[in-house]
């Protein structure tokens, strides 16, 4: 009788030991509600990506300025910004470009080939229709594009073939008392009767 009871106890203990590991495995394979909530909270509290200079910043600042905005690089009585001289040194292609606003505060991109307006007279820049100054004047650059400053075209020009280039400058803009002066009119660069290009600001 004692032997029979001992065998029954041993069999019950063995069955219990076999069942317990499988129950623990099933319990561990199913996530609890607490773990799921913690995961969501961790995702919500993760730091957002930093906005580094570059593309993100360009997106934020690419909107055209309003009429009440005076950009830091404004010129021509604060009506133009991003004033640049292009043409890459190629003869006949020296072009003044800028973004200018009209009287309604709408911004436009305008460009004018300065060879249609400026010439070289004995080493000095002068206003001259079809003057083609960059045949004998280079390099050139634009200076004074800050608000309230006179905008100047500056070049090294030849007085005559074979001569030493001379430094010279020419004021452009609305402050110049010359009908041939390069200036923005209605957000479009003009000089005399010649009009530059004008396209919507993008």
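Residue numbers (mature numbering (1 follows the signal peptide of the UniProt record, and there is no 0)): -19 to -1, 1 to 183. All residues carry an ideal CB built from backbone N, CA and C; glycine is no exception.
1. Just to confirm, are residue 170 and residue 77 a CB contact at a threshold of 8 Å?
2. Excluding five sequence neighbours on each side, which residues of the same chain lie with their C-beta closer than 6 Å to the C-beta of residue 113?
3. So the candidates are 58, 75, 150 and 69; which of them puts its Cα closest to the Cα of residue 81?
4. Quick check on residue 161: does DSSP put it in helix, strand or coil?
5. From residue 157 to residue 172, what does the alpha carbon distance come to, in whole angstroms?
6. If distances are taken between C-alpha atoms only, which option among 162, 135 and 119 comes closest to residue 71?
7. Would a check of beta-carbon distances place residue 166 closer than 8 Å to chain B?
8. Helix, strand or coil: how does DSSP classify residue 139 here?
9. Within its chain, find whatever has a CB closer than 8 Å to the CB of residue 89; leave out the 5 residues flanking it on each side and keep chain order.
10. Under a Cβ-count criterion, where at least 16 other Cβ atoms within 10 Å of its own Cβ denotes burial, should residue 144 be classed as buried or exposed?
11. Kindly list the residues whose CB is nearer than 8 Å to the CB of residue 149, restricted to its own chain and excluding five residues on each side of it in sequence; keep chain order.
12. What are the boundary residues of the beta strand (DSSP E) that includes residue 130?
13. Measuring only the C-alpha atoms, how far is residue 164 from residue 142?
14. Confirm, please, whether the CB-CB distance from residue 93 to residue 154 is below 8 Å.
15. List the whole-angstrom C-beta distance separating residue 73 from residue 115, where the pair is believed to meet the contact cut-off of C-beta under 8 Å.
16. Report all residues from its chain with a CB closer than 6 Å to the CB of residue 151; omit the five preceding and five following residues, and keep chain order.
17. Expressed to the nearest angstrom, what Euclidean distance is found between the alpha-carbon atoms of residue 91 and residue 110?
The structure says:
1. yes
2. Contacts found: 96.
3. 58
4. In the three-state reduction of the DSSP assignment, residue 161 falls in the coil class, being assigned neither a helical nor a strand state.
5. 11 Å
6. Cα-wise, what sits closest to residue 71 is 119.
7. Any reference to chain B falls outside this structure, which holds one protein chain only.
8. coil
9. Cβ within range, chain order: 80, 81, 82, 83, 168, 169, 179, 180, 181 and 182.
10. exposed
11. 104, 105, 106, 118, 135, 136, 137 and 138
12. No beta strand (DSSP E) contains residue 130, which DSSP labels as neither H nor E.
13. 31 Å
14. Contact flag unset, no.
15. 7 Å
16. 106 and 134
17. Taking the CA atoms as reference points, residue 91 sits about 19 Å from residue 110.
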